[in-house]
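For what it's worth, numbering that gives the first Met the number 0 labels the leading residue of the sequence shown as 0, then goes sequentially. Ideal placement from N, C-alpha and C gives every residue a C-beta, glycine not left out. A short worksheet on the structure shown next.
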Amino acid sequence: MSPFLEGNSCVVGLQWGDEGKGKIVDFLTEHADVVVRYCGGANAGHTVRIGSEKYATNLLPVGVFRPGVMSLIGNGVVIDPARLIEEIDDLTKRGVPISPQNLRISYKAHLVMPYHKQEDAARESASGDKGIGTTRRGIGPAYADKMQRSTAIRVADLAHEDKLRERVGRIVAERNKLLKALYDAPPVDWKQVFEDYRDYGRRLQPYVDDVGHLLIGYWREGKRIVFEGAHAVLLDVDHGTYPYVTSSNCSALGLYTGAGVPPQSVQNFVGIMKAYSTRVGGGPFPTEQDNDIGQYIRERGNEYGTTTRRPRRCGWFDALAVRYSVELCGITQIALTLLDVLSGLDHIKVCTGYRHKGQRLDYFRADMDVLAEVEPIYETLPGWGGNITGARAFHELPREAQQYVKTLEQLAGAPIRIVSVGADRNATLLR
Ligand code: IMP
């Protein structure tokens, strides 16, 4: 852990995802012993740049990029085993070795099955513009089966091949009927699914462990643990902008159930926010700039999905949304990312309130009907010119950029301790 962070830390996105968490978790793991993913699945995309190499992971915790760090996938994650094996093989081929020495997977984690992806895609296509705009990675249906219980398959089930065969046969037969009736979908071949998952199970068996138990042990030994959030607070199934959310508890609150640790085990809650707002998929987005400003941000920030390459919707910083996330998660420090993207704008707007039905709203209501109707109230700040990616200390930033950071800090309600001004590991300023 970096010197200013003693104890264990959770890192979580404060907006709608894609805040550059991969880079900050990677930065914070320099002195960490353990990194844990606790929510989501292969719908997440974390990008890490090391020197001239760029890596993107969907399921693997970013601890795998640090030699000597143990990476854990907690029970709260839904695992697509084909994707996980592909990631392990790809990274190993590129010289990032992954083995049971540095990766363990919870036996309690649930599996994403081929019919989950089929259902996700079929429902989205059938919904047209009323869809959620999912990544079509089968996330919603996999979590739905987890809650349903009798139709779920967990990592632990892969170790019992006879039972797995029976379970897959029964579940696929039922699912085929449903998918045919609802979407006229072609049937899934249960035998093929069984054989594929049996093989994945054999391949992953050495990695399977009791992650919660391991974590309690690491905590007792005083090892430094980083809980790596995926997605972001406003995509949390309970606290985000429902229904335009993902299906897991991806705010910091999800770490306890998703990793299997008690609240006392975490001391720092590091929120990541970018210097503006983006969102992918549907749902209200009060500060959206569907214009030249949005396009400027999209191109400079390369705001295209890591997982799906979809262009992201871009807009001004929304202080109400971020403050909500800071309060919900008890954020103790903030890392501000992508400040360099805003260079070159004459002035920059920040949303400091909403107007709703003639009244001023000073707090964020994660209620899509309210959010769809609000009108943002902006404060306008001066922009700055030039390239700031070479700055290595806060005082090296243009005065206007420093002022912008200080304004965001005051509005967000927690200290900004890290400012990222470029994709590289070194383009990171500490305050
Ligand atoms: P799902 O998680 O694939 O079901 O997608 C639900 C919603 O969450 C969609 O709007 C996605 O675009 C969004 N979403 C899911 N994961 C991420 C992420 O990591 N970053 C940004 N948006 C995400």
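Boundaries of the alpha helix (DSSP H) harbouring Y403: R398 to A411, taken from the DSSP string. DSSP places T91 in the uninterrupted alpha helix (DSSP H) bounded by P80 to K92. A straight-line Cα-Cα distance of about 31 Å links A143 and Y54. Bridge partners of F268 according to DSSP: C9. Along the segment 316 to 373, the alpha helix (DSSP H) occurs as fully enclosed runs of 4 or more residues at 318 to 328 and 367 to 372, listed in sequence order. Within its own chain, the residues whose Cβ lies closer than 7 Å to the Cβ of G139, once the five positions on either side in sequence are excluded, are D119, T133 and S246, listed in chain order. With fewer than 16 other beta carbons inside 10 angstroms of its own, D289 counts as exposed. Here the segment 294 to 311 does not lie against the segment 354 to 366, with fewer than 3 beta-carbon pairs under 8 Å apart. If you check the CB distance, I330 and G270 come in under 8 Å. Remark: the shortest separation between the CB of H30 and any heavy atom of the ligand IMP does not fall under 7 Å. For G127, no pairing in a beta bridge is given by DSSP.
Distances from the alpha-carbon of A258 to those of V35, C249 and S324 put V35 closest. Within 7 Å of the C-beta of V154 there is not a single heavy atom belonging to the ligand IMP. Annotation for H238 indicates a beta carbon at 7 Å or more from all heavy atoms of the ligand IMP. At the C-beta level, N57 and G73 stay beyond 8 Å of one another. Distances from the alpha-carbon of L157 to those of V167, S149 and V10 put V167 closest. Two segments are said to touch when three or more pairs of C-beta atoms, one from each, lie closer than 8 Å; by this definition the segment 231 to 240 does not touch the segment 122 to 136. Contact between T28 and V210 fails: their C-beta atoms lie close to 17 Å from each other, not under 8 Å. Within the same chain, and ignoring the five residues on either side of T351 in sequence, the residues whose Cβ sits closer than 8 Å to its Cβ are A318, L319, I376, Y377, E378 and L410. By the neighbour-count criterion, in which 16 or more other beta carbons inside 10 Å mark a residue as buried, Q266 falls on the exposed side.
CA-CA distance, E52 to S70, rounds to 20 Å.
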